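Before any comments, here is the structure.
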Ligand code: SAM
Ligand code: DTB
Ligand code: SF4
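Residue numbers (our numbering): 2 to 336.
Structure below.
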């Protein structure tokens, strides 16, 4: 599909109507879109590392790294280049094609960006795609990171504009949009999605996806996170989302943003393998790989290798070149 054919004018009603389709009808449509744009058996794998953990001044109600919540996460300083490079090499050896570095900042200072730029250059030199998520960025900071070899910047809208103010009070939805504009302006690819299961309504899930799809460009990567409920955060104890509603969210994301990589992100450790399989059918084609997300757990490498084998999935080496199979992770299995 040419870029011109991608739509940026979805109405809330159209998106709500997709959510309301009979489940099988929705999955059939999403899978058809998926097959038209992607290898349905290929999954891109990214490994996350928290390079600067905890002590964050923001009040995101879902986040274990906010200083103000008692979650047991200890604040740490920015990791050294050597430590990050060793972790990136290990991720590459385990089969990851992209290394995503997260920092618990509201917005980095210029001196932080200079240090992260050095880290990014060293990780890139290993032959990995690089991604960073550091909070709000100026256009200049985004350009510095791009110059250092950064491929992607992750900055999530998190939820629908009208629900945002119930989850975060220390910055606004427009701040997120501004950073995304700076990131795109610097020529970085965007990784932008959100979290579901925070007590939002279906209409608000539709609002999140509508806003993502109507951005000036569809994010190249769209992480759909299921809330990981961490004791001590205000959202701990929120009523869990029906797993099929999570699958619907993946399916609608796939239909709205056909060419993007849709990532089945946080929450996989709490999810049945069968639900994950439905997500891959519905159009998810990327995961976080490795036993930790930033501060919380993720399925271990062996479990994901087994899941890939059972579902005949293979890992993409480089997202831009579909069909390339990484030697170190998973051959399709006929059994
Ligand atoms: N501080 C930066 C920021 O907020 O942009 C970067 C790191 S922040 C931890 C990155 C993303 O992780 C958030 O935007 C949110 O979508 C996701 N996240 C954080 N805590 C989560 C949780 N408990 N469950 C699911 N996703 C979570
Ligand atoms: C994204 O959308 N999800 C990742 C990544 N981008 C940075 C983070 C998930 C964090 C889950 C909670 C934690 O481990 O601290
Ligand atoms: Fe800070 Fe990011 Fe967590 Fe919000 S999501 S509290 S900005 S680390």
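Each residue gets a CB set at the ideal place from its N, CA and C atoms; glycine is no exception.
Values in this document were obtained by computation on a predicted structure and should not be read as measured data.
Taking the C-alpha atoms as reference points, what is the distance between residue 227 and residue 287?
For the purposes of this step, residue 227 is taken as the residue at position 226 of the chain shown. For the purposes of this step, residue 287 is taken as the residue at position 286 of the chain shown. Cα to Cα, residue 227 sits roughly 14 angstroms from residue 287.
Return the chain-ordered ranges of every beta strand (DSSP E) run that is complete within the segment 216 to 256 and spans a minimum of 3 residues.
222 to 227
With DSSP collapsed to three states, give me the class of residue 49.
For this step, residue 49 is matched to residue 48 along the chain shown. The answer is strand: DSSP assigns residue 49 an E or B state.
When every heavy atom of the ligand DTB is checked, does at least one fall within less than 7 angstroms of the C-beta of residue 66?
Counting from 1 along the chain shown, the entry for residue 66 is found at position 65. It does: the Cβ of residue 66 is within 7 angstroms (strictly closer) of some heavy atom of the ligand DTB.
Starting from residue 169, trace the alpha helix (DSSP H) in both directions and tell me its first and last residue.
Taking the first residue of the chain shown as position 1, residue 169 is located at position 168. Looking at the DSSP string, residue 169 is not in any alpha helix (DSSP H), and its letter there is neither H nor E.
May I have the straight-line CA-CA distance separating residue 314 from residue 246, to the nearest angstrom?
By 1-based counting over the chain shown, the position of residue 314 is 313. By 1-based counting over the chain shown, the position of residue 246 is 245. Roughly 23 angstroms between the two C-alpha positions.
What's the C-alpha gap between residue 168 and residue 310?
Position 167 of the chain shown, counting from 1, holds the residue named residue 168. Position 309 of the chain shown, counting from 1, holds the residue named residue 310. So the two alpha carbons sit approximately 38 angstroms from each other.
Using a threshold of 7 angstroms, is the CB atom of residue 1 nearer than that to any non-hydrogen atom of the ligand DTB?
With the chain covering 2 to 336 only, the question about residue 1 has no answer from this structure.
Answer yes or no: do residue 161 and residue 209 have a C-beta to C-beta separation smaller than 8 angstroms?
Here residue 161 refers to the residue found at position 160 of the chain shown. Here residue 209 refers to the residue found at position 208 of the chain shown. Yes, Cβ-Cβ distance for residue 161 and residue 209 is below 8 angstroms.
Kindly examine the ligand SAM and report whether one of its heavy atoms sits closer than 7 angstroms to the Cβ of residue 196.
Taking the chain shown and counting its residues from 1, one reaches residue 196 at position 195. Correct: residue 196 has its Cβ closer than 7 angstroms to the ligand SAM.
On the three-pair Cβ rule with 8 angstroms, is the segment 98 to 114 touching the segment 135 to 144?
yes
Which word fits residue 298, buried or exposed, when buried means at least 16 other C-beta atoms lie within 10 angstroms of its C-beta?
Indexing the chain shown from 1 puts residue 298 at position 297. It counts as exposed.
Decide if residue 243 is buried, meaning its Cβ has at least 16 other Cβ atoms within 10 Å, or exposed.
Position 242 of the chain shown, counted from the first residue, corresponds to residue 243. Taking all protein chains in view, the Cβ of residue 243 is surrounded by fewer than 16 other Cβ atoms within 10 Å, so the residue is classified as exposed.
Return the first residue and the last residue of the beta strand (DSSP E) that residue 287 is part of.
Stepping through the chain shown from its first residue, residue 287 is reached at position 286. Note, residue 287: beta strand (DSSP E), 287 to 289.
Compare the C-alpha of residue 272 against each of 230, 212, 67 and name the closest.
Taking the chain shown and counting its residues from 1, one reaches residue 272 at position 271. Taking only the C-alpha atoms, the option nearest residue 272 is 230.
Who are the Cβ neighbours of residue 70 in its own chain at under 6 angstroms, not counting the five residues just before and after it?
Against the chain shown, residue 70 aligns to sequence position 69. Excluding residues within five positions, the ones whose Cβ falls inside 6 angstroms are 233, 234.
Please go through the same chain and pick out, in chain order, the residues whose beta-carbon is closer than 8 angstroms to the beta-carbon of residue 129, but skip the five residues on each side of it.
Here residue 129 refers to the residue found at position 128 when the chain shown is read from its first residue. If the five residues before and after residue 129 are omitted, its C-beta is found closer than 8 angstroms to the C-beta atoms of 89, 92, 93, 97, 98, 99, 100, all from its own chain and listed in chain order.
Using a Cβ-based criterion (distance less than 7 angstroms to any ligand heavy atom), does residue 229 qualify as near the ligand DTB?
Within the chain shown, numbered from 1, the residue matching residue 229 stands at position 228. Flag set: Cβ of residue 229 near the ligand DTB.
Within this structure, are the beta carbons of residue 251 and residue 285 separated by less than 8 angstroms?
As a first step, residue 251 is located in the chain shown; it is residue number 250 there, counting from the start. As a first step, residue 285 is located in the chain shown; it is residue number 284 there, counting from the start. The answer is yes: Cβ separation under 8 angstroms.
Assign residue 124 to buried or exposed, taking buried as 16 or more other Cβ atoms, counted over all protein chains shown, within 10 Å of its Cβ.
The sequence position of residue 124 within the chain shown is 123, counting from 1. Buried, since its Cβ has 16 or more Cβ neighbours within 10 Å.
So, helix, strand or coil for residue 209, using DSSP?
Looking up residue 209 in the chain shown gives position 208. Correct three-state label for residue 209: helix.
Could you give the DSSP three-state label for residue 12: helix, strand or coil?
The sequence position of residue 12 within the chain shown is 11, counting from 1. Residue 12 falls in the coil class under three-state DSSP.
Helix or strand or just coil, what does DSSP make of residue 86?
Reading the chain shown from its first residue, position 85 is the one you call residue 86. Residue state, collapsed to three classes: helix.
Any heavy atom of the ligand DTB within a distance shorter than 7 angstroms of the CB on residue 103?
Indexing the chain shown from 1 puts residue 103 at position 102. Yes.
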